[in-house]
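Take a look at the structure below.
Residue numbers (the working numbering): 1 to 184.
Right under this line is the structure:
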């Protein structure tokens, strides 16, 4: 029996870490040519249902947390051009109310994915959604470390202001310095 999308997601999440991405896409989302971008199909399942289950699965992961992106175009699509867009935006707002959402133009997000796919894996879950600019992009970040902590770490390293508690074995050693009693 072929595994369903949720089983595949759970398997991939055991392997994935920060810098990997998940995409919950509409039905017209193209298959991308990068080998690292894997596309699976959730059939005609409602996109918001798939997103809700993905977010629920991620909430149980201790090692990763998502940075969420949506298309800037989503806010400008008119109901008469895409019936159901208003209802979708309402459902999406409810699903993402506890999350910070970054809004970028669609092509900018696609370019990010393309660059990420050069080095890291992306799992794209294609749904039956037939409304444009509704894809949701999840950039995985370390669940026990965040960008603010990383900035503080890098600043401390640049300034040399560590806490001074690094074990002796981890401190830098100049292998080429002259040792007492050596002939070199």
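All residues carry an ideal CB built from backbone N, CA and C; glycine is no exception. The structure presented is a predicted model; accordingly, all values stated were derived computationally and were not measured.
Would you identify the three-state DSSP class for residue i, choosing helix, strand or coil?
i, result
"residue 76", "helix"
"residue 58", "helix"
"residue 154", "helix"
"residue 102", "strand"
"residue 24", "strand"
"residue 124", "strand"
"residue 202", "Examination of residue 202 is not possible in this model, given that the chain is present from 1 through 184 alone."
"residue 65", "strand"
"residue 48", "helix"
"residue 35", "coil"
"residue 14", "helix"
To the nearest whole angstrom, what separates the beta carbons of residue i and residue j, a pair I think is in contact under 8 Å?
i, j, result
"residue 99", "residue 68", "5 Å"
"residue 93", "residue 34", "At roughly 31 Å, the Cβ-Cβ gap does not stay under 8 Å, so residue 93 and residue 34 are not in contact."
"residue 15", "residue 64", "Wrong, their Cβ atoms sit about 11 Å apart, outside the cutoff."
Let me know if residue i comes out buried or exposed under the rule of 16 or more other beta-carbons within 10 Å of its beta-carbon.
i, result
"residue 127", "buried"
"residue 11", "exposed"
"residue 23", "buried"
"residue 135", "buried"
"residue 156", "exposed"
"residue 119", "exposed"
Based on the DSSP output, what are the partners of residue i in its beta bridges?
i, result
"residue 92", "BP columns for residue 92 are empty, so no partner."
"residue 71", "104"
"residue 140", "66"
"residue 119", "Note: residue 119 sits in no beta bridge, so no partner."
"residue 8", "Beta-bridge pairing links residue 8 to no other residue."
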